[in-house]
Amino acid sequence: MNPFKSLLALAIGLCATVPVYTQSPVKSIPLPYSWSNKDNAVLARTTMRGRTFYEYNIKKGTTSKIDLSAKPVTDPYVQLKGGDVYFFMPDGKETRLTSTPLEEKNPVLSPDFQKVAYTRGNDLFCMDVDTGKETPLT
117 MNPFKSLLAL
127 AIGLCATVPV
137 YTQSPVKSIP
147 LPYSWSNKDN
157 AVLARTTMRG
167 RTFYEYNIKK
177 GTTSKIDLSA
187 KPVTDPYVQL
197 KGGDVYFFMP
207 DGKETRLTST
217 PLEEKNPVLS
227 PDFQKVAYTR
237 GNDLFCMDVD
247 TGKETPLT
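Here the sequence shown is numbered in the numbering used here, starting from 117 and rising by one per residue.
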């Protein structure tokens with residue numbers, strides 16, 4: 117059928133049915149966000165409604181929802197900006213750690229704040245925060 121006639125038929129209601137395909141919403145997987153101490157990792161789940169944080173106790177295998185907005189920033193942390201990993205100090209000073217054509221994802225700072233792990237493409241990397249030395253792990 118001529119595409120113009122198909123559009124015309126739809127416009128004037130001559131088409132009997134049009135199949136509609138929908139997809140069920142997919143639940144996001146919590147991703148590593150940071151360490152709260154040596155036994156607990158903070159995970160983040162991002163949805164259309166925003167980001168929810170959970171604290172995961174590694175030894176016990178338990179997870180509990182937490183509110184990070186009430187917690188003042190007292191430790192360094194890492195975050196993505198423009199597809200690159202940045203290191204932030206509590207005083208607001210930021211340092212760009214990566215600058216590559218490919219986008220980095222999933223940055224996680226070690227509990228001692230000395231190393232950051234992240235993914236790029238399908239590979240895992242670790243970087244020394246002080247020296248900037250990047251080590252491929254996969």
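For every residue, glycine included, the Cβ atom is placed at its ideal position computed from N, Cα and C. Small disclaimer: the values here were computed from a predicted structure and weren't measured.
Taking the continuous beta strand (DSSP E) assigned at residue i, which residues delimit it?
| i | result |
| --- | --- |
| leucine 218 | No beta strand (DSSP E) holds leucine 218; DSSP gives it neither H nor E. |
| glycine 166 | 166-173 |
| methionine 243 | 239-244 |
| threonine 254 | Run containing threonine 254: none; DSSP gives neither H nor E here. |
In the structure shown, what three-state DSSP assignment does residue i receive?
| i | result |
| --- | --- |
| leucine 196 | strand |
| alanine 132 | Residue placement at alanine 132 is poorly supported in this model, since its pLDDT is 45, which falls under 50; the coordinates are not used for a value here. |
| leucine 184 | helix |
| lysine 249 | coil |
| phenylalanine 229 | coil |
| proline 223 | strand |
| tyrosine 190 | Checking the sequence shown, residue 190 turns out to be threonine, not tyrosine. Reduced to three states, the DSSP call for threonine 190 is coil. |
| leucine 159 | strand |
| methionine 205 | coil |
Tell me, to the nearest whole angstrom, how far the beta carbon of residue i is from that of residue j; I am working on the premise that it is less than 8 Å.
| i | j | result |
| --- | --- | --- |
| isoleucine 174 | aspartate 191 | No, isoleucine 174 and aspartate 191 are not in contact; Cβ-Cβ is about 18 Å, not under 8 Å. |
| valine 194 | leucine 225 | 5 Å |
| arginine 167 | alanine 157 | Contact doesn't hold; Cβ gap of about 16 Å is too wide. |
Residue i: which of the options sits nearest, CA to CA?
| i | options | result |
| --- | --- | --- |
| glutamate 210 | Asp246, Arg161, Glu250 | Asp246 |
| glycine 198 | Thr254, Arg212, Arg161, Gly166 | Arg212 |
| phenylalanine 229 | Arg165, Asp244, Glu250 | Asp244 |
| aspartate 200 | Asn222, Ile182, Phe169, Lys181 | Asn222 |
| phenylalanine 169 | Leu196, Phe204, Asp183 | Asp183 |
| phenylalanine 280 | Ala157, Lys231, Arg167 | Here the chain comprises residues numbered 117 to 254, so residue 280 is not present and cannot be evaluated. |
| tyrosine 172 | Lys181, Arg165, Gly166 | Lys181 |
Is residue i close to chain C? Criterion is C-beta to C-beta, closer than 8 Å.
| i | result |
| --- | --- |
| proline 223 | Annotation note: the requested chain C is absent from the structure, which comprises a single protein chain. |
Exercise. Does the stretch 236-244 come within contact of the stretch 205-218, defined as at least 3 CB pairs closer than 8 Å?
Worked result: In the pairwise beta carbon analysis, the stretch 236-244 is classified as touching the stretch 205-218: at least three pairs are separated by under 8 Å.
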